[in-house]
Amino acid sequence: MQQSSIGEWDRVWVNAHLATMVAAEGNLNAYGEVKDAALAVRGDRIAWMGSSADALARARAQDVAVSDCGGAWLLPGLIDCHTHLVYGGSRVEEFEKRLCGVSYEEIARAGGGIQSTVNATRAATREALLESATRRAQCLMAEGVTTLEIKSGYGLELGVERRLLEVARELGRRLPVSVRTTYLGLHALPQEAAADRAGFVGQVSGPWLEALAGSGLIDAVDAFCENIAFSLAETEQFLHAARRLGVPAHVHAGQLSDMGAAELAARFGALSADHLEYLSAAGATALAAAGTVAVLLPGAYYMLRQTTPPPVPLLRQAGVAMALATDCNPGTSPCTSLLLALNMGCTLFGLTPHEALAGVTRHAAQALGLQAEIGTLEIGKRADFALYRIDRPAELCYNLGANPCTGVVYGGVPRRFKN
Ligand code: NIG
Ligand code: FE
Numbered sequence: 036m037q038q039s040s041i042g043e044w045d046r047v048w049v050n051a052h053l054a055t056m057v058a059a060e061g062n063l064n065a066y067g068e069v070k071d072a073a074l075a076v077r078g079d080r081i082a083w084m085g086s087s088a089d090a091l092a093r094a095r096a097q098d099v100a101v102s103d104c105g106g107a108w109l110l111p112g113l114i115d116c117h118t119h120l121v122y123g124g125s126r127v128e129e130f131e132k133r134l135c136g137v138s139y140e141e142i143a144r145a146g147g148g149i150q151s152t153v154n155a156t157r158a159a160t161r162e163a164l165l166e167s168a169t170r171r172a173q174c175l176m177a178e179g180v181t182t183l184e185i186k187s188g189y190g191l192e193l194g195v196e197r198r199l200l201e202v203a204r205e206l207g208r209r210l211p212v213s214v215r216t217t218y219l220g221l222h223a224l225p226q227e228a229a230a231d232r233a234g235f236v237g238q239v240s241g242p243w244l245e246a247l248a249g250s251g252l253i254d255a256v257d258a259f260c261e262n263i264a265f266s267l268a269e270t271e272q273f274l275h276a277a278r279r280l281g282v283p284a285h286v287h288a289g290q291l292s293d294m295g296a297a298e299l300a301a302r303f304g305a306l307s308a309d310h311l312e313y314l315s316a317a318g319a320t321a322l323a324a325a326g327t328v329a330v331l332l333p334g335a336y337y338m339l340r341q342t343t344p345p346p347v348p349l350l351r352q353a354g355v356a357m358a359l360a361t362d363c364n365p366g367t368s369p370c371t372s373l374l375l376a377l378n379m380g381c382t383l384f385g386l387t388p389h390e391a392l393a394g395v396t397r398h399a400a401q402a403l404g405l406q407a408e409i410g411t412l413e414i415g416k417r418a419d420f421a422l423y424r425i426d427r428p429a430e431l432c433y434n435l436g437a438n439p440c441t442g443v444v445y446g447g448v449p450r451r452f453k454n
């Protein structure tokens, strides 16, 4: 195991079992397990990993603060790489309708769905948006989430999209969790633009994108490429504009049908293509060649009671990195538990517990372009990690509803949650 490379320590965690989640050849020791280990931090970085005995000897000699983990498992902080968690209102009535047999597409085409959340979000104050988003983020954090991606997309006019992105940034300042923001410019066509699709796509891809990128509010863009949302050509126009500005992309692809959106995402070198229930072999090959991560979202699949899961064997065979996320949103996935997404990834999509855990650590980091900084326990990476009272890592995918997280460390700073 790696030894010291960053000199002094500020604090050391001893008596832990590490799951470094560093990729392993041939899948031996697939979680990167190191039993009876210790991890030291310097500033906001991981400084050292080794045996508890060595750590204690050095800590005594150098007067370093020691935290005893009591035999807990210590993993890289979890990363929720796809959420829409800043929004107004709720969609419980739509949930009731769907249970009576009305489909998501029918509701969307009748002006409900995303459009109803757009109305509630436009009517909400900045404070109300911040308050409800904070509650959702805190649920995720209590499970060990240390990085969170948040998409706009419920404003669909420049001022409200800006407000959503500002609220997301503010959340990142107020809470210890790291926030990455995504401008979901093409989510739905707002009612007022019904007669002028081309004009709306032009605004989103032109002045709105430039204004939001110019204000430093966005880390990436996203588009819902689907027959009830935006076409391949419209999505391509937006992705071109983002590329010109040097802004990376995600694409909602293949959620309800295969329009070739995954191939489009790959052609633009997107960081991720998300959903992918409908994906061809050619699409999977294209994602692999481009290094685009497949972000699987079992919460939405479950809530919509879909029956065609993403073709995990195809993705595996093609060598596509797979991530898992909550897709936290009021319509298709009112989910604030990444641990539940882990379980669903295994039970509904057939991921192994190792694939699922890589999907919320190493591969989720890659889906955000942050693999050099987070996603594994490695010296020099950001000291974001979480402690769990479990017997083995797969237990994180096994429990339904229990939260075994006993502490979370953000950039070297510990927070304790009462679980
Ligand atoms: O990821 N598919 C598009 N966007 C969200 C759903 C948004 C909504 O229904 O409010 C999703 O599933
Ligand atoms: Fe989504």
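In our numbering, the protein residues as written are 36 to 454.
Think of the CB as a built atom: it goes at the ideal place given N, C-alpha and C, for glycine as much as any other residue.
Counted within 10 angstroms of its Cβ, other Cβ atoms place residue i as buried (16 or more) or exposed
| i | result |
| --- | --- |
| L412 | buried |
| R133 | buried |
| E166 | exposed |
| L375 | buried |
| S292 | exposed |
| L435 | exposed |
| T367 | buried |
| N262 | exposed |
| K70 | exposed |
| F130 | exposed |
| G194 | exposed |
| A72 | buried |
| E178 | buried |
| D426 | exposed |
| G462 | A question about residue 462 goes unanswered here, because the residues of the chain that appear run from 36 up to 454. |
| R198 | buried |
| A54 | buried |
| R451 | exposed |
| V127 | exposed |
| G16 | Here the chain has residues from 36 to 454 only, and residue 16 is not among them. |
| Q341 | buried |
| L392 | buried |
| Q352 | exposed |
| G146 | exposed |
| Q226 | exposed |
Residue i to residue j span [Cα, whole Å]
| i | j | result |
| --- | --- | --- |
| C440 | H222 | 34 Å |
| A158 | G123 | 8 Å |
| L386 | G380 | 6 Å |
| Y445 | C135 | 44 Å |
| R93 | D103 | 15 Å |
| E408 | D231 | 42 Å |
| A300 | S307 | 7 Å |
| P344 | V101 | 46 Å |
| L349 | E68 | 28 Å |
| E201 | S125 | 21 Å |
| P242 | D98 | 56 Å |
| E205 | M357 | 29 Å |
| L405 | L244 | 22 Å |
| A506 | A58 | In the structure as shown, the chain starts at 36 and stops at 454, and residue 506 therefore has no counterpart that could be examined. |
| G42 | A90 | 13 Å |
| L314 | R302 | 15 Å |
| A75 | N154 | 48 Å |
| A163 | A317 | 44 Å |
| G188 | R209 | 22 Å |
| Y337 | D45 | 44 Å |
C-beta atoms of residue i and residue j nearer than 8 Å
| i | j | result |
| --- | --- | --- |
| R276 | A288 | For clarity, residue 276 is Ala in the given sequence; the question names Arg instead. For A276 and A288, no; Cβs fall outside 8 Å. |
| L331 | L359 | yes |
| L110 | M56 | yes |
| T156 | G207 | no |
| A429 | P369 | no |
| T160 | V443 | no |
| Y139 | L339 | yes |
| Y218 | I253 | yes |
| L422 | L377 | no |
| S250 | F273 | no |
| G304 | A325 | yes |
| L247 | E196 | yes |
| A402 | G447 | no |
| V31 | D309 | Nothing about residue 31 can be reported from this structure: the residues present for the chain run from 36 to 454 only. |
| L120 | A172 | yes |
| C116 | A399 | yes |
| V355 | A329 | yes |
| A51 | A107 | yes |
| A229 | A255 | no |
| V347 | L373 | no |
Within the chosen definition, does the stretch 347-364 reach the stretch 256-269 through at least 3 CB pairs nearer than 8 Å? no
Contact the stretch 79-96 vs the stretch 413-428: 3+ CB pairs below 8 Å: yes
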